[in-house]
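Residue numbers (the working numbering): 35 to 179.
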């Protein structure tokens, strides 16, 4: 059995293959499929049951399992969850690999996978991907009133 981290280069290569074969829109469609068939069952159920607290629970677990270096803050009163990814282990791994070039929009999967689910529950997402070349990003999720 291979570890989850061994899938990271495979995902990047798969995204490149789909893009080369059918274009970036096909990659987006693939991410939407994953969102609808996998993420919705995990994140969607938590958010349906617990609202923004479900977001906190989901990302607390997921980012710790990934051994990410992150800061996450939740303002319960304002219903705002912010995440500062100080070092993303997935993107960091891809940037260190000498034998391959990461898919140019590798980090784009996060927005598609999660915003698609959250919008169904009135939660919007914003992201800053200006430092993904350093395996860093920032995100904000907030409940629309």
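Glycine included, every Cβ here is placed at the ideal spot set by N, Cα and C.
Of all the options the options, which has the alpha carbon lying nearest to the alpha carbon of residue i?
| i | options | result |
| --- | --- | --- |
| residue 151 | 111, 92, 126 and 56 | 92 |
| residue 42 | 127, 50, 109 and 115 | 127 |
| residue 47 | 135, 154, 162 and 165 | 135 |
| residue 112 | 69, 51, 39 and 87 | 87 |
| residue 77 | 94, 62, 61 and 63 | 94 |
| residue 68 | 50, 83 and 45 | 45 |
| residue 166 | 73, 153, 133 and 129 | 129 |
| residue 39 | 153, 131, 177 and 163 | 131 |
Which whole-angstrom value describes the C-beta separation of residue i and residue j, a residue pair presumed to lie in contact below a C-beta threshold of 8 Å?
| i | j | result |
| --- | --- | --- |
| residue 138 | residue 125 | No, residue 138 and residue 125 are not in contact; Cβ-Cβ is about 12 Å, not under 8 Å. |
| residue 119 | residue 168 | Not really, about 10 Å apart at Cβ, beyond 8 Å. |
| residue 81 | residue 155 | 5 Å |
Residue j and residue i - do their beta-carbons sit closer together than 8 Å?
| i | j | result |
| --- | --- | --- |
| residue 175 | residue 157 | yes |
| residue 121 | residue 115 | no |
| residue 172 | residue 117 | yes |
| residue 100 | residue 123 | yes |
| residue 143 | residue 65 | yes |
| residue 61 | residue 53 | yes |
Where does residue i fall in DSSP's three states?
| i | result |
| --- | --- |
| residue 87 | helix |
| residue 135 | coil |
| residue 114 | strand |
| residue 122 | coil |
| residue 153 | helix |
| residue 177 | strand |
| residue 78 | helix |
| residue 171 | strand |
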